[in-house]
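These notes are about the structure you will find just below.
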Amino acid sequence: MIANKYVELNELLKNFSIARKTYEFQGINQGYINDTYLVLDNQFPLYILQRVNHNVFKDVHGLMENIANAFQHLEDENYTAIELLKTESDHSYYKDEKTGYWRLMSYINNTTAYDNATDNNIAFEAGRVVGKFHQLLSEADLDKYVDTIPNFHHLPLREKQFEESIQSAKSEKLETAKNAISFAKETLEKLNILDNSKLPLRVCHNDTKLNNILFSKEDHRALCLIDLDTIMKGYFYFDFGDAIRTVANTAAEDEQDHDKITFERPLFEAFIKGLESNGPFLSKEEIDLLPWGAVFMPFIHGLRALTDYLNDNIYYKVSYENQNLDRCLSLFNFTNKALQQLEYMTQVVKERLTPKV
Ligand code: GN1
Ligand code: MG
3 MIANKYVELN ELLKNFSIAR KTYEFQGINQ GYINDTYLVL DNQFPLYILQ
53 RVNHNVFKDV HGLMENIANA FQHLEDENYT AIELLKTESD HSYYKDEKTG
103 YWRLMSYINN TTAYDNATDN NIAFEAGRVV GKFHQLLSEA DLDKYVDTIP
153 NFHHLPLREK QFEESIQSAK SEKLETAKNA ISFAKETLEK LNILDNSKLP
203 LRVCHNDTKL NNILFSKEDH RALCLIDLDT IMKGYFYFDF GDAIRTVANT
253 AAEDEQDHDK ITFERPLFEA FIKGLESNGP FLSKEEIDLL PWGAVFMPFI
303 HGLRALTDYL NDNIYYKVSY ENQNLDRCLS LFNFTNKALQ QLEYMTQVVK
353 ERLTPKV
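Given below as structure tokens:
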């Protein structure tokens, strides 16, 4: 079965402008959305091949244009560029009638990614590279970027989907999830008053969890962001909060032992120092909202996981029946911990980050 699949993948690669060889493949079982393979030549890793999930991303053409446009800005001595390999007909992706949309990217050798920050350097580097990504894209022409998932981090939409899932959920599930449901309702009230109206729109990554940052195995520097499907307009606090939920928390996203979920102040501070090392690039209003971003992002992910649990797992790939509920409970637990740190976070960002004038 697997061998057959690799014959097919080799056939598929013939559509890209790369050397004609028989390549080997390693499935990478990370992520809840796409299918990802490492492409090797004689055991040497060369490319990342991905099938883009067309159920989730309706406009794959727009998505690939977003990535190609962003890549034009993401070139800097402190940011490692990734290359999109073109197809034989000079496109940035290949559409196969049967299996869908495929793209091929350069693999950066000697790199790794972390699920959690195990030391301050990882947290600092994560902050530095997320800041660098935004600095490099700050002059990008927003009109060129389509919304690959409209209203992706828009709370009113996620609230509506949550309410709908409650209407259709089985009663046992509503019972099992009752604490999560009441936490969601309480927190929605707190977060719905956040005001985005004074914030600039930026080209954001929108999925800056730590394991979407590539690190060098040699000097342990953060090189660049990967998993670029959700590059589209957004607010800086989306990228900030999504990074913090994985950098300042040393537990897994679906951790069931909630004693392990913590808000690590030294890691938070190291991340802020990393951001700061790029020089000022945020407005005062953006800086003021950062602490709330660290509450907002774990919460909205928890809410989406809860909604999918109630909908019987139709969106995320799950490895066991209640994984979405476990993710929700863990994410809500961290949300709560971040809520308790609001004052502290406000003090740190005020102290360290200077607004751009
Ligand atoms: C999904 O598949 P993956 O891990 O790249 C999701 C992200 C979440 C993430 C983990 C398009 O991304 O928003 O951060 O799971 N991506 C989409 O919770 O929904
Ligand atoms: Mg992703």
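For what it's worth, our numbering labels the leading residue of the sequence shown as 3, then goes sequentially. Ideal Cβ positions, reconstructed from N, Cα and C, are used throughout, including at glycine. Since the structure is predicted, the reported quantities are computational estimates derived from the model, not experimental observations.
Helix, strand or coil for residue i, going by three-state DSSP, please let me know.
i      : result
Met3   : At Met3 the pLDDT is 45, less than 50, meaning the model places this residue with poor confidence; the figure from the coordinates comes in the next sentence. Met3: coil per DSSP, three-state reduction.
Glu77  : coil
Phe46  : strand
Gln349 : helix
Ser285 : coil
Thr1   : Outside the modelled stretch of the chain, which goes from 3 to 359, sits residue 1, for which no answer is possible.
Arg223 : coil
Lys146 : helix
Gly102 : strand
Gln343 : coil
Ile30  : strand
Pro357 : coil
Val58  : coil
Asp310 : helix
Tyr39  : strand
Thr114 : strand
Lys319 : coil
With distance defined between alpha-carbon atoms, name the residue in the options nearest to residue i.
i      : options                           : result
Thr210 : Ser199, Gly236 and Glu220         : Gly236
Val54  : Leu216, Asp261 and Leu230         : Leu230
Asp121 : Asp256, Phe298, Asn194 and Ala250 : Ala250
Asn80  : Arg223, Ile35, Ile228 and Phe238  : Arg223
Met234 : Leu11, Glu287, Leu144 and Pro202  : Leu144
Asn267 : Lys358, Pro47, Glu345 and Ile69   : According to the sequence provided, residue 267 is Arg. The question's Asn does not apply to it. Ranking Lys358, Pro47, Glu345 and Ile69 by Cα distance to Arg267 puts Glu345 first.
Trp294 : Asp98, Leu159, Leu341 and Lys286  : Leu341
His136 : Leu87, Asn208 and Lys187          : Asn208
Glu90  : Ser108, Ile168, Arg22 and Val58   : Arg22
Ser108 : Cys226, Ser173 and Lys187         : Cys226
His303 : Glu255, Lys275, Asp261 and Met347 : Glu255
Is it buried or exposed for residue i, if we count other Cβ within 10 angstroms and need 16 for buried?
i      : result
Met3   : Reliability fails at Met3, whose pLDDT of 45 lies under 50, so the model's placement of it is uncertain and no value is given.
Val9   : exposed
Ile316 : exposed
Ile195 : exposed
Phe298 : buried
Pro360 : As displayed, the chain neither begins before 3 nor continues past 359, which places residue 360 out of reach and without an answer.
For the ligand GN1, any of its heavy atoms closer than 7 Å to the Cβ of residue i?
i      : result
His156 : no
Tyr34  : yes
Ile1   : The chain is shown only over 3 to 359; residue 1 falls outside these bounds and no answer can be derived.
Thr337 : no
Lys211 : yes
Val58  : yes
Thr232 : yes
Glu257 : no
Quiz item: What does the shell around the ligand MG hold, if a residue joins when its beta-carbon is under 5 Å from any heavy atom?
Solution: Put simply, the residues with a CB less than 5 Å from any heavy atom of the ligand MG are Asp209 and Asp229, in chain order.
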